[in-house]
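Comments concern the structure below.
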Amino acid sequence: MGIKGVGNRGGWGRQRPSEKHGGGSIIPPPRSAKKKRRLISSTKVNIYRDRLYCVDKVFVEGSVHFLVADEAGVRGQETSWERLESYKRIYSDRRIKSTRRILEGEPGYGKSTLTLQLAYDWCNGVQDSPFGDVEILILLRLRQLGGVKSIYRAINRFLASGSRLSDKDIEDVLKNTSSVEILLDGYDEYPDQDKITGNDVRSIIMREMFPNHDVTLTTRYLPKKFPKLTKRVKLTGFDRRRAR
Ligand SMILES: Nc1ncnc2c1ncn2[C@@H]1O[C@H](COP(=O)(O)OP(=O)(O)OP(=O)(O)O)[C@@H](O)[C@H]1O
Ligand SMILES: [Mg+2]
């Protein structure tokens with residue numbers, strides 16, 4: 001998760017022990033990004049046994065398709081999928097402009113890895129990062145949020161250790177920032193996915209909460225309910241042409 005303009009009391013250079021995918025390590029960004037006080041939880045990927053690599057060192061672009069959806073295509077009755085030239089177009093192609101996106105893909109097709117690459121691009125100010133203008137990027141692994149009703153609590157929990165921000169501080173920052181990108185990874189792993197009320201994740205997916213913030217949900221399968229304006233994008237695998 002990253003926040004520009006919010007203090008990081010943990011310090012950029014401090015490392016916490018890593019864990020597989022989305023664990024708690026804080027990696028120091030390059031100098032230019034450091035000035036902007038951006039904080040990321042981890043952009044490392046577990047590739048070979050216990051060895052961790054920065055996602056950018058291993059990332060290979062795969063195929064991405066989007067659902068060309070009229071109303072009937074939104075839920076269950078897929079009509080046609082069209083290929084996007086790059087994952088970077090997910091957020092710029094006008095055909096899939098929306099504040100809510102679902103990024104689907106079978107197990108191991110790279111949904112979580114893509115969220116890390118997007119975070120990496122943003123954090124390092126990569127020139128064609130889809131999130132170039134984004135002020136706050138939040139990346140949460142839903143499997144870690146079982147029983148956590150408040151999204152502000154969830155965010156606070158995964159900020160740098162030693163954060164002295166209150167949940168209310170997080171709320172104020174998010175409510176007063178216009179350009180916020182929220183990546184919710186792994187709906188299929190979310191322990192509370194069937195709970196209908198009293199849960200911010202569900203309210204965010206339904207666009208009752210953060211209606212103007214941009215939200216992407218990654219998942220192996222669709223949630224039972226999501227708003228009609230949601231655009232659907234799918235990771236469809238890798239081919240030789242795209243491998244580096
Ligand atoms: N774009 C990629 N470039 C290089 N390696 C990748 C890429 N995508 C996935 N991998 C490799 O495949 C592994 C599994 O990918 P990942 O965890 O992102 O899949 P997933 O779609 O999130 O799966 P799940 O549905 O189980 O959550 C990664 O740890 C990485 O080793
Ligand atoms: Mg995943």
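Counting from 1, position 130 in the sequence shown corresponds to residue 130 in full-length UniProt numbering; the numbering is continuous, with no gaps. Virtual Cβ for every residue (Gly too), placed ideally from N, Cα, C.
Straight-line gap, residue 138 to residue 84 (C-alpha atoms, nearest Å) = Going from the Cα of residue 138 to the Cα of residue 84 covers about 24 Å.
The stretch 226 to 239 in contact with the stretch 103 to 113 per 3-pair CB rule at 8 Å | Yes, the stretch 226 to 239 touches the stretch 103 to 113.
Measure the alpha-carbon distance for residue 172 versus residue 211 and round it to whole angstroms.
-> Pairing residue 172 with residue 211, the inter-Cα distance amounts to about 16 Å.
Exposed unless 16 or more other CB atoms sit within 10 angstroms - verdict on residue 79 = Per the 10 Å Cβ criterion, exposed.
Return the residue from the list 229, 163 and 190 that minimises the CA-CA distance to residue 221.
-> Ranked by how close their Cα comes to the Cα of residue 221, the residues 229, 163 and 190 have 190 in first place.
By the 10 Å Cβ neighbour count, where 16 or more other Cβ atoms means buried, how is residue 181 classified, buried or exposed?
-> Label assigned to residue 181: buried.
Residue 186: CB within 7 Å of a non-hydrogen atom of ligand 2 = Taking 7 Å as the cut-off, one finds at least one heavy atom of ligand 2 near enough to the beta carbon of residue 186.
When the distance is taken between beta carbons, is residue 185 closer than 8 Å to residue 88?
-> A distance of 8 Å or more separates the beta carbons of residue 88 and residue 185.
Residue range of the unbroken beta strand (DSSP E) whose run includes residue 216 = Going by DSSP, residue 216 is part of the beta strand (DSSP E) stretching over 214 to 219.
Rounded separation between residue 135 and residue 154 - CA only | Roughly 19 Å separates the two Cα atoms.
Quick one, are the C-beta atoms of residue 145 and residue 156 less than 8 Å apart?
-> With a cutoff of 8 Å on beta-carbon distance, residue 145 and residue 156 are scored as not near each other.
Candidates 163, 130 and 195: closest to residue 262 by CA position = Only positions 1 to 244 of the chain appear in this structure, which leaves residue 262 out of reach.
How is residue 68 classed by DSSP in three states: helix, strand or coil?
-> In the structure shown, the three-state DSSP call for residue 68 is strand.
Check whether the Cβ of residue 234 sits closer than 7 Å to any heavy atom of ligand 2, and report yes or no.
-> Residue 234 Cβ: outside cutoff for every heavy atom of ligand 2.
Alpha helix (DSSP H) runs wholly inside the stretch 102 to 180, at least 4 long, in chain order = Entirely contained in the stretch 102 to 180, the alpha helix (DSSP H) runs reaching 4 residues are, in chain order, 111 to 123, 151 to 158 and 167 to 175.
Is residue 158 near ligand 1, going by C-beta to nearest heavy atom under 7 Å?
-> Incorrect: residue 158 has no Cβ contact closer than 7 Å to ligand 1.
First and last residue of the alpha helix (DSSP H) that includes residue 98?
-> Element bounds for residue 98: n/a, residue is neither H nor E.
Going along the chain, which residues of its own chain have a beta-carbon closer than 8 Å to the beta-carbon of residue 206, five neighbours each way excluded?
-> Excluding sequence neighbours, residue 206 sits near 225, 226 and 227.
Contact check, residue 179 vs residue 121, beta carbons under 8 Å = No, the pair does not count as a contact, with Cβ atoms beyond the cut-off.
Do you know how far the Cα of residue 141 is from the Cα of residue 194?
-> Going by the C-alpha atoms only, they are around 17 Å apart.
Could you tell me whether any non-hydrogen atom of ligand 1 is closer than 7 Å to the CB of residue 130?
-> Every heavy atom of ligand 1 is 7 Å or more from the Cβ of residue 130, so no.
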